[in-house]
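Okay, structure first, notes after.
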Amino acid sequence: MPSVQEFQLHPLGWETDPEEERFKLSTLDYLTTTTWTSMALFFKVEDSERRKIMSVLKNGLERTLSQTRHLVGTIEKDPDGHHSIVRKKTSTVQFVVQNLAPNEFPSFDTISKSHFLSSALGNVDILCNPPMTCGNKPEAHPDNSPALSSFKANFITGGLIFNIHTHHYSNGILSFNALVQQLAENCYAISKGSEFPSWDPRCLDRNLFGYLGFDRPSNKTLQIEAPPRATDNTQYKPSQSMLFHLPKSRAAELKKAAASSGAWISTYNAMCALVWRTLTKLRMSIYKPDPNFKPLWAEGVSIAKLFTDPPMPARMQSNLQIDITSTMLDMPQWTVSEIVSAPLYKLALYTRQMTDSVTAGMLADRLQKLAHVRNKWDLSINVDSFPPMSQLFTDWRYAKICTYDFGFAEPSAFRHLFGGVSRQALVYPPHKGPAGGDEGMEILVTVEIELMQRLLEDPEWNRYFEFRGIDASEEASFTGQRAKL
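For the sequence shown, this note's numbering assigns the number 29 to the initial residue and increments by one for each residue that follows.
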C-alpha cells in the first residue's frame with residue numbers, strides 16, 4: 029500500500045483574513061464545462077530529495093493560496109439563485125502527499141519513454157483526490173458546494189507527478205498557466221532563499237470585465253428558463269485518444285503547404301485544417317452522412333486580448349475563454365463534401381476567421397442574450413453531447429508550464445488526466461521530449477477505433493505527424509484502465 033500524508037492547508041496569513049470573501053460568478057464562468065480539471069506536472073527528481081520537495085511545495089502552496097484567494101473555499105448559491113465563490117477565514121485546501129513504491133507504479137523513466145501517456149500510468153485515479161477527477165459529475169455542480177481546488181504530490185521512483193485540481197469555473201487555460209507560474213516562482217524563492225515574486229491584487233478583480241461580470245437582471249420576472257444541459261450523444265462508435273507529435277521542422281512545412289497569397293495563417297490554423305479534413309474524410313466512411321451535412325466545428329478562444337483599456341493583469345484569475353461553435357457565428361457552415369475537397373489553405377483560413385470572429389462586440393452581444401437565463405449552469409458546454417463528425421479544438425499552446433523552475437526542477441511534461449477518452453483535439457506546447465531542438469507541438473485526437481489503422485497509413489498525415497501512442501481507449505478490453513502500449 030502507498031504511504032499517504034494529508035494536509036489541510038491554511039493560506040499564509042489566514043489569521044488576519046476577513047471572516048468571509050465572495051467572488052460572484054459571471055455568465056462567462058457558467059458557459060465553461062462543469063467539471064474539475066486534473067492537470068499532472070511530471071518532474072524528474074532524486075528519491076533522496078522527497079522530504080525537501082514536499083516542504084517546498086507545502087510552503088509554496090500556502091503562499092500562493094494567499095494570493096490566488098478564489099481557489100480557497102467552495103461555490104455556494106446566492107440569495108438571487110446564482111452563485112459565488114465563497115472563501116471563509118477558516119477555509120482550507122487539501123494537499124495530499126503519496127509515496128508509490130516501484131511495485132505499485134511505473135518509474136519516471138518508464139513513463140518518460142512512453143511520452144507521459146495515460147496508458148503508461150494505469151488507473152489515473154490513484155494520482156487524484158476524489159471526487160476531483162475530470163468529468164461531468166454531480167459533485168462538480170455549483171449547487172453541491174464543490175471545492176475550488178486541491179493538490180496531490182505523487183512521488184514515484186525517480187520522479188514526481190504533481191497533480192493540480194481546479195474547478196473550471198475558477199479558471200481557464202491562461203489563468204491556470206498563470207497559477208502554475210506564480211506557484212513555481214514562490215517555490216523557487218523558498219528553495220533558493222531568493223526574493224518572492226510580486227502579486228497584483230487586480231488579478232482577482234472581476235469588475236475589470238465590465239459588461240462581462242455582473243450581467244444578471246434584478247427583476248426575476250424577466251428571467252427565462254434554458255433547456256436542461258445537453259446529455260451525452262450515444263451515436264459515437266468506440267473511440268480512442270491518440271497522441272501525435274508535430275516536429276518544428278515539419279510544422280514549418282505544413283504552414284507553408286497551407287499558405288495562401290495575401291492571407292496570414294498560423295501553424296496552429298494549418299494543423300487544425302489538416303486534422304479537420306483528414307478526420308472528416310475518414311469518418312464519412314463509417315457514419316455515412318449526407319454530402320450536404322454540415323458538421324459542427326468548435327474551439328475555445330481566449331478573450332484576454334480583447335481588453336485593452338485597461339488591459340488584463342498578466343496573471344488574471346478567471347475563466348478567460350469562450351467556447352464557440354460554427355452554429356453561433358455569422359459565418360457560412362461547410363458541408364462534409366466541401367471540407368474533404370477543399371484545399372488546405374481554404375480550411376486554414378476558415379479556422380483563422382472563426383477565431384478572429386470573437387470580438388468584444390460579439391462577446392458582449394452573446395452574454396447579454398444569456399443574461400436573463402435563470403438556470404445558467406445548464407448553459408455549460410458538454411463536449412460529449414456533440415453529434416458524430418463534430419470537431420472541437422482545445423488550445424494549450426500558450427501554457428509554458430515546462431519552462432517554470434520550481435527550484436527543485438522544471439516540469440519535463442504536463443498532461444490533462446481525463447481518466448478516459450475525451451471527444452476533442454487538445455494541442456500541447458513542446459515539452460522536454462526526445463526530439464530535442466526539433467521538439468514541437470503535440471496533439472491528442474479522438475479517433476474511432478476502426479479508423480485507427482487508416483489514419484496511421486494516411487500519406488498526407490504521415491508527412492507531418494509522428495504517432496506517439498494511445499492515451500486511452502473505449503475498447504472493451506481496456507474497460508477500467510488505460511490502454512497498454
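Positions of the beta carbon are idealized from the N, C-alpha and C atoms, including for glycine.
Inter-residue Cα distance where the pair is W405 and E366
Rounded to whole angstroms, W405 to E366 spans 36 Å at the Cα level.
Closest residue to S346 among K72, L99, R79 and I81 (Cα-Cα distance)
It is L99.
As an exercise, report each continuous beta strand (DSSP E) stretch of at least 3 residues that is fully enclosed by the segment 114 to 143, in chain order.
121 to 127
Can you give me the start and stop residues for the beta strand (DSSP E) that S203 sits inside?
Counting along the chain, S203 falls outside any beta strand (DSSP E), though it belongs to the alpha helix (DSSP H) covering I201 to K220.
For the alpha helix (DSSP H) containing Y378, name the first residue and the last one.
For Y378, the uninterrupted alpha helix (DSSP H) segment begins and ends at L372 to D384.
For the structure I just gave you, are there three or more beta carbon pairs, one from the segment 430 to 450 and one from the segment 53 to 60, closer than 8 Å?
Verdict: no, contact absent.
S177 lies in the beta strand (DSSP E); which residues open and close that run?
S177 to I184
Any idea which residues DSSP pairs L274 with across the strands?
M469
Where G41 falls: helix, strand or coil (DSSP)
G41 falls in the coil class under three-state DSSP.
How would you call S501, buried or exposed, if buried means at least 16 neighbouring beta carbons within 10 angstroms?
In summary, S501 is buried, with 16 or more beta-carbon neighbours lying within 10 Å of its beta-carbon over all protein chains present.
Looking at the structure shown, is H193 part of a helix, part of a strand, or coil, going by DSSP?
strand
Looking only at its chain, what residues have a beta carbon closer than 8 Å to the beta carbon of L334, apart from the 5 residues adjacent to it on each side?
Cβ within range, chain order: V386, T387, A388 and L391.
Nearest-angstrom Cβ-Cβ length linking M344 and C231, presumed shorter than 8 Å:
5 Å
Could you have a look at G187 and say whether DSSP puts it in helix, strand or coil?
strand
Should S147 and I498 be called a contact, given that it needs their Cβ atoms to be closer than 8 Å?
yes
Minimum C-alpha distance to M382 - residue among A168, L357, P323 and D171:
L357
Tell me the rounded alpha-carbon separation between V303 and N191.
If I take the Cα positions, the gap works out to 29 Å.
Just the Cα atoms here: how many angstroms apart are A287 and L372?
8 Å
Return yes when the Cβ of A301 is within less than 8 Å of the Cβ of T379, no when it is not.
yes
C-alpha gap between F136 and E49, whole angstroms
41 Å
For T262, does the three-state DSSP call read helix, strand or coil?
coil
Excluding sequence positions up to five away, which residues of its chain have a Cβ less than 6 Å from the Cβ of P159?
E167
Please go through the same chain and pick out, in chain order, the residues whose beta-carbon is closer than 6 Å to the beta-carbon of G109, but skip the five residues on each side of it.
none
Given a threshold of 16 other Cβ atoms within 10 Å of its Cβ, counted over all protein chains shown, does F183 qualify as buried or as exposed?
Buried.
Go through the segment 290 to 355 residue by residue and report every complete run of the alpha helix (DSSP H) that reaches 4 residues or more, in order.
Taking only runs of at least 4 residues, the alpha helix (DSSP H) segments lying wholly in the segment 290 to 355 are 295 to 315.
Distance check for R79 and E140, CA to CA, integer angstroms please.
Note that residue 140 is Ser in the sequence shown here, rather than Glu. Going from the Cα of S140 to the Cα of R79 covers about 23 Å.
Do you know offhand how far E213's Cα is from K220's?
In a straight line, the C-alpha of E213 is about 10 Å away from that of K220.
For my contact list, L37 and V152 are in at a C-beta cut-off of 8 Å; report their separation, rounded to the angstrom.
No, L37 and V152 are not in contact; Cβ-Cβ is about 23 Å, not under 8 Å.
Where the alpha helix (DSSP H) containing G88 begins and where it ends
Unbroken alpha helix (DSSP H) run through G88: R78 to L93.
Run the CB neighbour count on E327, radius 10 Å, all protein chains shown included, and call it buried at 16 or more, exposed below.
By the neighbour-count criterion, in which a residue is buried when 16 or more other Cβ atoms sit within 10 angstroms of its Cβ, E327 is buried.
Does S267 pass the burial test, meaning 16 or more other C-beta atoms within 10 Å, or should it be called exposed?
buried
Please name the residue in Q419, I293 and F321 whose C-alpha comes closest to that of T353.
Q419
For G241, three-class secondary structure by DSSP:
Summary for G241: the model assigns pLDDT 44, below 50, so the residue's position carries little reliability; its value from the coordinates is reported in the next sentence. Residue state, collapsed to three classes: coil.
Can the beta-carbon of D424 be found closer than 8 Å to that of P462?
It should be noted that the sequence gives Trp, not Asp, for residue 424. Contact flag unset, no.
Burial state of S198 (16 or more Cβ within 10 Å)
buried
Could you name each continuous beta strand (DSSP E) segment of 3 residues or more that falls completely within the segment 391 to 446, going from the start of the chain to the end?
419 to 423 and 441 to 444
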